[in-house]
Every structure is written in structure tokens, then in C-alpha cells.
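K.L.:
As C-alpha cells, then:
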């Protein structure tokens, strides 16, 4: 039963992601995990302030069900199917430890230095997490999609705009890790 | 009944994101350090199957189970919004090590700090709605 607790390899996970996209297409929907953020805004009344949120969000309630399922899936996987450690390339783990004092690679699923309860007593960490979230939410809507909507759905449909967006994702990600991390951590 | 199908798809998504470790900050960092093939393998294999499958759907003109049309539309042509929006998204993705899907997965896994990221993401979406008309698209 090791396949349950061990990490799933890329050649299992990738095809399963494609399967999820096809299941959503088969039900007349599409695979995109950031549009639900717009649904949430619209549902709590953001339509009063912006035309962007004035639409029939009730027709998008299905994506809130997908979100609920994702939360349940995360709960099940973390509690019953995982020892909650992630083993990465030892050279990368060592570099994290030496340059940023992030020691928890190989011991936890997320770096406790950023996501642990103790880190949350640090206002700097709180600001980093919120700013990161704002960048993700703003960028995803500006670009019209995120990793699932552009990198999987859009590229599968051979959309040039999605390729431009994915190039953007990597310019942003590489800049953050290689140029900005040394300044902020 | 239909909602249960979406719930089940969501559960499968959550399991795959967590178990593939695509929801781990460490894996995202490692990817941007080109330290492992893992993340590229996940995206690449999903994409290879996705491209073939979408071509089959289009060539055979397959319909969704409930009838109607497949939700496969051509995206609006532009460079600015995709490039600039993409860069902003990428900056956040690398910082918090999570794109929108995995945020929910990590919430379910019990990492309460991710609530801050989610609040930020909702605020970012709201901010976009507020200033959308002033941005170049």
C-alpha cells in the first residue's frame, strides 16, 4: 500500500490532471482554479463597486463545489495518505538552508519558517503572505487565468495568449526566486 | 446531483495536488531553481495528453454529456495583459509557493497561514475589478 503514502510520481499526477480537465469539459465546464475568486467577490456583493463583478455568479456555483472538494481532498491526503514531508533535490535544500536559513526541507510539507504558527507572530511574514496572495489574485485576473486555466487548459487548446501568459509566469517566478528572494529573506 | 459530480472532481483535484507535491512551496522553489524534473514532468505530461485530447474533441466534434457545446474558446488576442498579468502572477506564485488551486488544498490540509494568502488573493481579484478599466489590456 506504499503508493498511498508515497508521493505520486509526475507520470501519474500529470495524466490525472489532464483527466480532471477532461471531466470538467465533459460536464460542459472548464478547468481553471482562479475564476472562483471572482465568484467569491461577486457573491459577497462586489458588484456594487465594479461592473467586473456584476454578472450571474449563481451560474458559477459549480466552481465553488470544486473548491469545497479541493479542501476535502487536501484534508484527506494530508491526514490519511501522507507523512507530510517533501524531499527535494539535496543541493536545493542545502542552498535554502545556507542562504535563507530555511531548514525544514525534507521535514515538512511547507517551510515552517514561513507557514508555521510561530512565523505568524512575525508581522513581516504576515505581510509577505498577504502581498503574495494579492499578486496571485490580481495577476491571475489580469492575465485571465492561472496555472490551470492557461498552462493546462489554454495550452492544451493551443492558445497563443496562454503561451504568453505562461512565459510571464516564469519571468515572474524566476525573478522572485533569483532576484527578489535575496533581498527579502 | 450535478453538484456532487463537481465535488468529487474537486476531491480528486485536491488529492492529486497534495500527493504530487505540486502544492508544496518546496517543489515550486525547486522548479524555479531548475533543481528537479518533477514539476516540469507533471505540467508536461498533463499538457501532452491535454493537447491530444482537445484535438480529438475538436476533430470529432464531441459534445459534453449533458449536450450543448464544449467550453473551448479562443482567447482574446493581446500581449500586454497576458505578459504583464502573467509576470505579476508568477511573482506571487513563487513567493507563496502556491497557485490558486493548491491554496484551497493547503487550507484543507490544515495550514492556517494559507488563510492570509487566500485573503490576499481575494483582495487582489477585487482590486483588479476596481481598476480594470484603467489598465492596458
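Residue numbers (the numbering used here), protein chains in the order written: chain A, 42 to 226; chain B, 334 to 470. Ideal Cβ placement from N, Cα and C applies to all residues, glycine included.
Of all Cβ atoms in chain B, is any one closer than 8 Å to the Cβ of residue 195 of chain A?
P.N.:
Answer yes: the Cβ-Cβ gap between residue 195 of chain A and chain B drops below 8 Å somewhere.
K.L.:
Is there a C-beta anywhere in chain E that falls below 8 Å from the one on residue 403 of chain B?
P.N.:
You won't find chain E in this structure, because its protein chains are A and B.
K.L.:
Which complete alpha helix (DSSP H) runs does the segment 73-150 of chain A hold, if anything under 4 residues is left out?
P.N.:
Whole alpha helix (DSSP H) segments, 4+ residues: 76-84, 102-121, 131-141.
K.L.:
Quick one: what's got a C-beta closer than 7 Å to residue 161 of chain A's C-beta in the same chain, skipping five residues either side?
P.N.:
Taken in chain order, the residues that qualify are 167.
K.L.:
Considering only C-alpha positions, which residue in the set A:66, A:137, A:71, A:180 is nearest to residue 418 of chain B?
P.N.:
If we check each option's Cα against that of residue 418 of chain B, A:180 comes out closest.
K.L.:
Along the chain, where does the alpha helix (DSSP H) that runs through residue 446 of chain B open and close?
P.N.:
Premise fails: residue 446 of chain B is in no alpha helix (DSSP H) and is neither H nor E.
K.L.:
Give the range of the alpha helix (DSSP H) segment to which residue 412 of chain B is assigned.
P.N.:
Residue 412 of chain B -> no alpha helix (DSSP H), and no H or E assigned at all.
K.L.:
Assuming residue 48 of chain A is part of the alpha helix (DSSP H), what are its boundary residues?
P.N.:
Residue 48 of chain A -> no alpha helix (DSSP H), and no H or E assigned at all.
K.L.:
Using beta-carbon positions only, say whether residue 110 of chain A and residue 346 of chain B come within less than 8 Å of one another.
P.N.:
For residue 110 of chain A and residue 346 of chain B, yes; Cβs fall inside 8 Å.
K.L.:
For residue 374 of chain B versus residue 178 of chain A, is the C-beta distance shorter than 8 Å?
P.N.:
For residue 374 of chain B and residue 178 of chain A, no; Cβs fall outside 8 Å.
K.L.:
Measuring only between beta-carbons, confirm whether residue 407 of chain B sits less than 8 Å from chain A.
P.N.:
Yes, contact with chain A.
K.L.:
Note the first and the last residue of the continuous alpha helix (DSSP H) segment covering residue 222 of chain A.
P.N.:
Its alpha helix (DSSP H) spans residues 222-225.
K.L.:
When you compare each of B:429, B:383, B:400 to residue 218 of chain A by their alpha carbons, which one comes out closest?
P.N.:
Minimum Cα distance to residue 218 of chain A is reached at B:429.
K.L.:
Since residue 166 of chain A is in the alpha helix (DSSP H), which residue starts that stretch and which ends it?
P.N.:
Where residue 166 of chain A is concerned, the enclosing alpha helix (DSSP H) stretches over 164-184.
K.L.:
Of all the CB atoms in chain B, is at least one closer than 8 Å to the CB of residue 79 of chain A?
P.N.:
Taking Cβ atoms only, chain B reaches closer than 8 Å to residue 79 of chain A, which makes this a yes.
K.L.:
So is residue 467 of chain B in contact with chain A if we call contact Cβ pairs under 8 Å?
P.N.:
Chain A, which has no Cβ nearer than 8 Å to the Cβ of residue 467 of chain B, makes this no.
K.L.:
Among residues of its own chain, excluding the 5 on either side of residue 82 of chain A, which ones have a beta-carbon nearer than 8 Å to its beta-carbon?
P.N.:
Excluding positions up to five away in sequence, the list reads 94.
K.L.:
State yes or no: is the C-beta of residue 357 of chain B within less than 8 Å of the C-beta of residue 151 of chain A?
P.N.:
Yes. Within cutoff.
K.L.:
Which residues bound the alpha helix (DSSP H) around residue 218 of chain A?
P.N.:
Taken as a continuous stretch (DSSP letters only), residue 218 of chain A belongs to no alpha helix (DSSP H), as it is neither H nor E.
K.L.:
Below 8 Å on the Cβ atoms is my guess for residue 112 of chain A versus residue 423 of chain B; work out the distance and round it to an integer in Å.
P.N.:
Rounded, the Cβ-Cβ distance is 25 Å, inconsistent with contact.
K.L.:
Short check: CB of residue 87 of chain A to CB of residue 367 of chain B, under 8 Å?
P.N.:
Contact flag unset, no.
K.L.:
Taking Cβ positions only, does residue 393 of chain B come closer than 8 Å to chain A?
P.N.:
Not one chain A Cβ lies under 8 Å of residue 393 of chain B.
K.L.:
Please confirm if residue 164 of chain A has its CB atom under 8 Å from at least one CB of chain B.
P.N.:
For residue 164 of chain A, the answer is no, since every Cβ of chain B falls outside 8 Å of its Cβ.
K.L.:
Would you report the Cα separation of residue 198 of chain A and residue 381 of chain B, rounded to the nearest angstrom?
P.N.:
Rounded to the nearest angstrom, the two C-alpha atoms are 11 Å apart.
K.L.:
Just checking: is the beta-carbon of residue 185 of chain A within a distance shorter than 8 Å of some beta-carbon in chain B?
P.N.:
At least one chain B Cβ lies under 8 Å of residue 185 of chain A.
K.L.:
From what residue to what residue does the alpha helix (DSSP H) around residue 397 of chain B run?
P.N.:
It is not in any alpha helix (DSSP H) - residue 397 of chain B carries neither H nor E in the DSSP assignment.
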